[in-house]
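Participant: Below you will find the structure I want to go over with you.
Residue numbers (our numbering): 59 to 456.
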């Protein structure tokens, strides 16, 4: 649309049918497949599976479209679907963007207040091996305790009927189960810690290379952009301001006021509108990529822990999430476009209250920033508890 490669009618048709196909996937196809998987039981006939999936999908469609009825709505079915998807996707996008707005500066600045060495990582790996050995010993003790408890029940006669004979062995087994659970939780923390330390060490090493000298300033600029985005969103919520211009364009305009007219387009300088638009797309794209990537990493870790059937449902759910994220990004990105490029979005999705989605984004973005900041601060303080030089943190407590 911006480059104007095709005719306006072709661009509009392409955008319209892409959006229509995506809405069809999110509202019809993916939900129906999910319900079909739920009904896919050996005890059900094909007709029962079909009817059950259809009824569940109709119930979902009714709840999706009419859970919050608007008597003044005069749009089409497609516009209603886009509005409903945006109502789900914008809060999700705000939560992911809030985490990205906090984690991005933390990622680039953490190499200065979280110094990591190869020796500390090796020592942590040794602790993990030690903990794995301890867990295996506890499991052997648990198997022995369960066997002793069963033997006592079988040989205690009348007293075992009332549960008196195996009290000692059963209590010992319960204590061992709690110990194993605590150790497994500690093991998960240590594995996550070693991944984070390895990433910090890699960033420390990369910052000394030519690639680091290029990307580090970009990271600082992105961190400043995140901080500015947090401040402007807070002011929008507190002062009930409406967004009229995106943050990057605003910052570039402010900076150029100090150099105008030396860099103005009329004097042969730079095209402020073109460069602000391009830089805005770059920063917003990076922020979206960081937030979506973080979400997918957490989700993929969860999928690996699930069974194959649950994993299929989870994959379909992720498809719905990312599709909703895309449509929401279209609704919110409209503000980042110059007025002449906003027409195609308005003509395709209809007369939707875009200001409503921006207000809702800010209202959820700020709490997400606060919660993400608390979480990252907690993980940072937890990292401070890990020994830099050896030690057996947690073993005595377990």
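Glycine included, C-beta positions come from ideal geometry on N, C-alpha and C.
From a predicted model like this one, the values you see are computed outputs, not experimental measurements.
Alpha carbons only, please: which of 402, 91, 337 is nearest the one belonging to residue 371?
Facilitator: Position 313 of the chain shown holds residue 371. The shortest Cα separation from residue 371 among 402, 91, 337 belongs to 91.
Participant: Short check: CB of residue 353 to CB of residue 148, under 8 Å?
Facilitator: For this step, residue 353 is matched to residue 295 along the chain shown. For this step, residue 148 is matched to residue 90 along the chain shown. No. Outside cutoff.
Participant: Around the C-beta of residue 284, are 16 or more other C-beta atoms found within 10 angstroms, so that it is buried, or is it exposed?
Facilitator: Taking the chain shown and counting its residues from 1, one reaches residue 284 at position 226. So residue 284 ends up on the buried side.
Participant: By DSSP, does residue 121 sit in helix, in strand, or in coil?
Facilitator: Within the chain shown, the letter at position 63 stands for residue 121. Looking at residue 121 - three-state DSSP - the assignment turns out to be helix.
Participant: If you follow the alpha helix (DSSP H) that residue 72 is part of, which residue opens it and which one closes it?
Facilitator: The count along the chain shown starts at 1 and reaches residue 72 at position 14. Taken as a continuous stretch (DSSP letters only), the alpha helix (DSSP H) holding residue 72 covers 66-82.
Participant: How long is the line joining the alpha carbons of residue 22 and residue 292, rounded to whole angstroms?
Facilitator: Nothing can be reported for residue 22, as the shown portion of the chain is limited to 59 through 456.
Participant: Using 8 Å as the Cβ pair cut-off and three pairs as the minimum, do the segment 423-435 and the segment 154-164 touch?
Facilitator: With the cut-off at 8 Å, the segment 423-435 and the segment 154-164 touch.
Participant: For residue 272 and residue 265, what's the separation of their Cα atoms in angstroms?
Facilitator: Along the chain shown, read from residue 1 onward, the residue named residue 272 stands at position 214. Along the chain shown, read from residue 1 onward, the residue named residue 265 stands at position 207. Going by the C-alpha atoms only, they are around 9 Å apart.
Participant: Please classify residue 100: does DSSP put it in a helix, a strand, or coil?
Facilitator: Translated into positions along the chain shown, residue 100 becomes position 42. Note: residue 100 maps to coil in three-state DSSP.
Participant: Tell me the DSSP secondary structure of residue 240 in three-state form.
Facilitator: On the chain shown, residue 240 is found 182 positions in, with the first residue counted as 1. Reduced to three states, the DSSP call for residue 240 is helix.
Participant: For the alpha helix (DSSP H) holding residue 406, just list the boundary residues, first then last.
Facilitator: Sequence index remark: in the chain shown, residue 406 carries index 348 (1-based). 401-407 is the extent of the alpha helix (DSSP H) around residue 406.
Participant: Is the distance from the Cβ of residue 415 to the Cβ of residue 390 below 8 Å?
Facilitator: Position 357 of the chain shown, counted from the first residue, corresponds to residue 415. Position 332 of the chain shown, counted from the first residue, corresponds to residue 390. Yes, they are a contact pair.
Participant: Look at the Cβ atom of residue 150, then the Cβ atom of residue 382, and state whether they are nearer than 8 Å.
Facilitator: Reading the chain shown from its first residue, position 92 is the one you call residue 150. Reading the chain shown from its first residue, position 324 is the one you call residue 382. Yes, Cβ-Cβ distance for residue 150 and residue 382 is below 8 Å.
Participant: Mind checking which residues open and close the alpha helix (DSSP H) that includes residue 277?
Facilitator: Counting from 1 along the chain shown, the entry for residue 277 is found at position 219. Unbroken alpha helix (DSSP H) run through residue 277: 268-297.
Participant: By Cβ distance, which residues of its chain are closer than 8 Å to residue 106, with the 5 residues on each side in sequence left out?
Facilitator: The residue labelled residue 106 in the question sits at position 48 within the chain shown. Correct list, in chain order: 97.
Participant: In chain order, what residues of the same chain have a beta carbon less than 6 Å from the beta carbon of residue 153, not counting five sequence neighbours either side?
Facilitator: Along the chain shown, one-based indexing puts residue 153 at 95. Excluding positions up to five away in sequence, the list reads 426.
Participant: Is there contact here, the segment 252-261 with the segment 193-209, by at least three beta-carbon pairs under 8 Å?
Facilitator: Result no; under three Cβ-Cβ pairs closer than 8 Å.
Participant: Taking just the CA atoms, how far does residue 120 sit from residue 78?
Facilitator: Working through the chain shown from its first residue, we reach residue 78 at position 20. Working through the chain shown from its first residue, we reach residue 120 at position 62. Using only the alpha carbons, I get a separation of about 19 Å.
Participant: Exposed or buried, what is residue 294 when buried is set at 16 or more other beta-carbons lying within 10 Å of its beta-carbon?
Facilitator: As a working note, residue 294 is residue 236 in the chain shown. Residue 294 comes out buried.
Participant: State the Cα-Cα distance for the pair residue 357 and residue 378, rounded to the nearest angstrom.
Facilitator: Here residue 357 refers to the residue found at position 299 of the chain shown. Here residue 378 refers to the residue found at position 320 of the chain shown. Near 13 Å, if we compare the C-alpha coordinates of residue 378 and residue 357.
Participant: Using only the alpha-carbon positions, how far apart do residue 517 and residue 241 sit?
Facilitator: Because the chain in this structure spans residues 59 to 456, residue 517 falls outside the shown range and cannot be described.
Participant: Just to confirm before moving on: does the CB-CB distance between residue 276 and residue 174 stay below 8 Å?
Facilitator: Looking up residue 276 in the chain shown gives position 218. Looking up residue 174 in the chain shown gives position 116. It is not a contact, given that the beta carbons lie outside the stated cut-off.
Participant: Tell me whether the beta-carbon of residue 65 lies closer than 8 Å to the beta-carbon of residue 93.
Facilitator: In the chain shown, residue 65 corresponds to position 7, counting from 1. In the chain shown, residue 93 corresponds to position 35, counting from 1. No, the pair does not count as a contact, with Cβ atoms beyond the cut-off.
Participant: Determine the burial state of residue 62: buried for a count of at least 16 other Cβ atoms within 10 Å of its Cβ, exposed for fewer.
Facilitator: As a position in the chain shown, residue 62 is number 4, starting the count at 1. Answer is exposed; the Cβ neighbour count stays below 16.
Participant: What would DSSP say about residue 309, mapped onto helix, strand or coil?
Facilitator: Position 251 of the chain shown, counted from the first residue, corresponds to residue 309. Here residue 309 sits in helix by DSSP.
Participant: Using a Cβ-Cβ distance cut-off of 8 Å, determine whether residue 286 contacts chain D.
Facilitator: No chain D appears in the structure shown, which is made up of a single protein chain.
Participant: Grouping DSSP H, G and I as helix and E and B as strand, with all else coil, what is residue 174?
Facilitator: By 1-based counting over the chain shown, the position of residue 174 is 116. Reduced to three states, the DSSP call for residue 174 is coil.
Participant: Rank 309, 347, 351, 350 by C-alpha distance to the C-alpha of residue 334 and give the top, closest one.
Facilitator: Taking the first residue of the chain shown as 1, we reach residue 334 at position 276. That would be 309, whose Cα lies nearest to the Cα of residue 334.
Participant: Where residue 82 and residue 405 are concerned, what is the direct C-alpha to C-alpha distance, given to the nearest angstrom?
Facilitator: Translated into the one-based positions of the chain shown, residue 82 becomes position 24. Translated into the one-based positions of the chain shown, residue 405 becomes position 347. Between residue 82 and residue 405, the C-alpha separation is close to 19 Å.
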